[in-house]
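**Student:**
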Amino acid sequence: MGLRTSSGLFCARQAPRWCAALAAALCMATAGAQAPAAAARPSFDLEVRAPDDARELLERHLELRRYREVSDLDEAELARLLVLAERDARELLATQGWFNPQVTLTLENNRQPPLVVVAVALGEPARVSEVGIAFEGDIASRTSRGAAAQREAIRDNWGLPAGQRFTQEAWDDAKDDAVRRLTARRYLRGRISYSLADVDAATGQARLGLRLDSGPLFRLGELQVTGVERYDPVLVPRLARLRPGSLYDQDRIQQAQLRLASSGYFDSAFIYVDPAGDPAAVPVQVTVREAPVQRLVLGLGLTTDAGPRASIEHRHNRLPGIGWQAATRLQLDRKTPFLETEWTAIPDEKGWRWGTLARAERQEDDDQITHARRLRFGRSWSGERIDRNAYLQYDDANVQLRPGAPPAADNGDGTAVSANFVWTGRYFNRAPVATRGFGLGFELGGGLTLTGSRSPFQRTVLRWLQLRPLERGRIQLRTEGGAVLAADDARVPATQLFRAGGDNSVRGYGYRDIGVELPGGVVGPGRYLAVASIEWQRPVRRNGVDTPLEQTFFIDSGAVADRPEDLRPVFGIGTGVRFNSPIGPLQADIAWGLKPQRLRLHLSVGVTF
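Residue numbering for the sequence shown is -33 to -1, 1 to 576, as defined by mature numbering (1 follows the signal peptide of the UniProt record, and there is no 0).
1) Starting from residue 490, follow the beta strand (DSSP E) in both directions and report where the run begins and ends.
2) Between the C-alpha atoms of residue 321 and residue 330, what's the straight-line distance to the nearest angstrom?
3) Can you grab the Cα-Cα spacing for the pair residue 518 / residue 110, in whole Å?
4) According to DSSP, simplified to helix, strand and coil, what is residue 511?
5) Could you give the DSSP three-state label for residue 350: helix, strand or coil?
6) With distances taken from CA atoms, which of 217, 173, 314 is nearest residue 201?
7) Report the residue from 409, 400, 500 whose alpha carbon sits nearest the alpha carbon of residue 388.
8) Where does residue 458 land, buried or exposed, given buried means 16+ other C-beta within 10 angstroms?
9) Taking 7 Å as the limit between beta carbons, can you name the residues of its chain near residue 64, skipping five residues before and five after?
10) Using DSSP bridges, identify the partner residues of residue 235.
11) For residue 234, does the count of other Cβ atoms within 10 angstroms reach 16, so buried, or fall short, so exposed?
12) Taking only the alpha-carbon atoms, compute the straight-line gap between residue 285 and residue 312 and give it to the nearest angstrom.
13) Between the beta-carbon of residue 493 and the beta-carbon of residue 483, is there less than 7 Å?
14) Suppose the cutoff is 6 Å on Cβ atoms and the five residues either side in sequence are ignored; what does the same chain contact list for residue 319 look like?
15) Secondary structure at residue 108, three-state DSSP: helix, strand or coil?
16) Quick one: what does DSSP say residue 291 is sitting in, helix, strand or coil?
17) Output yes or no for whether 7 Å exceeds the beta carbon distance between residue 155 and residue 185.
18) Which word fits residue 55, buried or exposed, when buried means at least 16 other C-beta atoms lie within 10 angstroms of its C-beta?
19) List the endpoints of the continuous beta strand (DSSP E) containing residue 433.
20) Roughly how many angstroms lie between the CA atoms of residue 113 and residue 354, to the nearest whole one?
21) Using the C-alpha atoms, what's the distance from residue 240 back to residue 221?
22) Rounded to whole angstroms, what is the Cα-Cα separation between residue 580 and residue 301?
23) Sort out for me which residues DSSP pairs residue 332 with in a bridge.
24) Hey, residue 366 and residue 379: beta-carbon distance below 7 Å or not?
25) Closest by CA to residue 434, which one among 406, 283, 456?
26) Taking the DSSP output, what are the residues bridged to residue 283?
27) Below 8 Å CB to CB, which residues in the same chain sit around residue 421 once its five sequence neighbours on both sides are set aside?
28) Between the alpha carbons of residue 95 and residue 121, how many angstroms are there, rounded?
29) Excluding the 5 residues flanking residue 106 on each side, which residues of the same chain have their C-beta closer than 7 Å to its C-beta?
30) In chain order, which continuous runs of the beta strand (DSSP E) of length 3 or greater are located wholly inside the stretch 152 to 193?
31) Give me the Cα-Cα distance between residue 390 and residue 449, rounded to the nearest whole angstrom.
32) Mind checking whether residue 580 and residue 381 have CB atoms under 7 Å apart?
33) What are the partner residues of residue 387, as DSSP defines its beta bridges?
34) Quick one: what does DSSP say residue 575 is sitting in, helix, strand or coil?
35) Is the stretch 250 to 267 close to the stretch 277 to 291, with three or more CB pairs under 8 Å?
36) Note the first and the last residue of the continuous beta strand (DSSP E) segment covering residue 73.
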């Protein structure tokens, strides 16, 4: 595997430059010189005259610089070093795509110490003229749709296509990425069997050739689990969902590892598939470290929606008698303090879990305070991309208003029971920081109010989020719509109605500030919701490379009403910064609310969908 130029063949990772150093050492040995300790004054100065990117490369890596500290170099030895330095400079420049530069080294002896000048005229860099990618092994002959798609994905996503400037780093990165795409699914033993970059220095054209050997097709075998002592042994296979006989898929293995680690039953989880195993049924080694049966977690935080926050959470991973997992949480903040307990069963063989929830909260919205209670019982299923939840729910909301407020029927005071189904699909390219893809979700519910005259109602919510990549950055589009259909006098509880505004809704407005304007200046919840947002996320570049820091510009809009024709959107515009951290995007925004005519700071972590 090499890189050929018109003057011969040299290693694709660059010629062995230790040869130049060895030759220089031999020159000094011939003259009887030894390598003395570093002198206080250099034996010569070095100046590189070249464009910025080439000058930095040569100043940092040119072998000649090392010999400035050799104190007894004579003129003849220095002249020999200059000859070697010219070749060294050409080899360094070739790694960056300059195969035909003009390199001149001169020695100025009219000063002390002497000055060595390296002058470089780069010319045009070499560009890729042709790329050939071939396959051998199982992937070459397999006609399945998945194998064909994998071959095309490797070719379509090749990192150094025709027309791009050739550099050694880009060549290496493109090959590494091709191997990663090959070994990410089906072919754990995938490797490069042949590669060649044939560069014509005279014409500045590079012809690239790559052959990938997939090796055999890999299927998963039985799970070999270590570390389970306290909990039911069925937990690991049911949470991992890696079926024996399924195709090897690195992404599915990572998702299984994440499910185990985030389940609450384990402090850590590691899954390893040995490439040396039997491809027909390769063993899947799962190592876990169990979490304590009970755990108490204290938390302090700050949100721009609700201000300072303190919380205490107790987790019990094996409730006596039923073996369910329980999480009980008390959270105190200025806007929405609550007490909640949620119990969930061990997943069944298909991944479904029974669960129940009880929650009591106090919601403060300027001129009104809502005391709400909720009970829920149902089943849930969480997959790699899709979540499903079906449950029965009881809601009770008691709304307290200041004097002169409208009747309770208009502000969400009521009780109801309902049956609900929630579906969420996430089709993003990666987590936790996605750069393209979309998410879609909906909630469907129907129920009966229990306060006043019993009236049926139906509730629907639709959510959509899309990331569209641009040449620099991406556009994020977000919409949400909701509707509650019921008789005008139906006492639908506030927990089933809608408000908007805040960090993850309409920026430029306070948390839940957007609602239905009622008599007496009170803002209440409404039966219809419409929210839309467009945001440009633009990476901040340093030395021509994208950094994890991004600048954002956005326009948000939202409306809440009791009738569709009364929806009147309000707008917020702003800008912010976003840091793509390992736990997800950390975003700080400054937004101007057009209706209140004021600036607001908004802080958020992750993408809520």
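No residue lacks a Cβ here, since even glycine has one placed at the ideal position from N, Cα and C.
If you're wondering where the values come from, they're calculated on a predicted model, not measured in any experiment.
**Tutor:** Checking against the coordinates, here is how it stands:
1) Taken as a continuous stretch (DSSP letters only), the beta strand (DSSP E) holding residue 490 covers 489 to 491.
2) For residue 321 and residue 330, the distance between alpha carbons rounds to 28 Å.
3) Linking residue 518 to residue 110 through their CA atoms gives a straight-line distance of about 45 Å.
4) In the structure shown, residue 511 sits in coil (DSSP, three-state: anything other than H, G, I, E or B).
5) Of the three classes helix, strand and coil, the one that applies to residue 350 here is coil, per DSSP.
6) Across the set 217, 173, 314, the C-alpha of 314 shows the shortest separation from the C-alpha of residue 201.
7) Of the listed residues, the one whose Cα sits closest to residue 388 is 409.
8) Of the other Cβ atoms in all chains shown, 16 or more fall within 10 Å of the Cβ of residue 458; this residue is therefore buried.
9) The residues are 92, 93, 132, 133, 134.
10) Paired residue(s): 256.
11) Around the Cβ of residue 234, a 10 Å sphere holds fewer than 16 other Cβ atoms; the residue is exposed.
12) When rounded, the distance between both Cα atoms is 9 Å.
13) Closer than 7 Å, so yes.
14) Correct list, in chain order: 346, 348.
15) Correct three-state label for residue 108: helix.
16) DSSP places residue 291 outside both helix and strand once states are collapsed to three, so it counts as coil.
17) Result yes, Cβ atoms of residue 155 and residue 185 sit closer than 7 Å.
18) Note on residue 55: 16 or more other CB atoms within 10 angstroms of its CB, so buried under the neighbour-count rule.
19) 423 to 436 is the span of the beta strand (DSSP E), which, as asked, contains residue 433.
20) In a straight line, the C-alpha of residue 113 is about 24 Å away from that of residue 354.
21) Rounded to the nearest whole angstrom, the C-alpha separation of residue 221 and residue 240 is 11 Å.
22) The question about residue 580 has no answer here: the residues shown for the chain are numbered -33 through 576.
23) Per DSSP, 335.
24) In contact: residue 366 and residue 379 (Cβ atoms closer than 7 Å).
25) When only C-alpha atoms are compared, the closest one is 406.
26) Beta-bridge pairing links residue 283 to 261, 293.
27) Counting only Cβ-Cβ distances below 8 Å, and skipping sequence neighbours, we find 415.
28) Cα to Cα, the separation comes out at about 17 Å.
29) Once the five neighbours on either side are set aside, the close Cβ partners of residue 106 are 114, 117, 118, 154, 181.
30) Runs of the beta strand (DSSP E) lying entirely within the stretch 152 to 193, each at least 3 residues long, are 158 to 167, 172 to 180, 187 to 193 in chain order.
31) Looking at the two C-alpha atoms, the distance is approximately 15 Å.
32) Lying before the first or after the last residue shown, residue 580 is absent from the chain, which here runs from -33 to 576.
33) 358, 412, per the DSSP bridge assignment.
34) Coil.
35) Flag = yes, the stretch 250 to 267 and the stretch 277 to 291 touch.
36) Residue 73 -> beta strand (DSSP E) spans 69 to 75.
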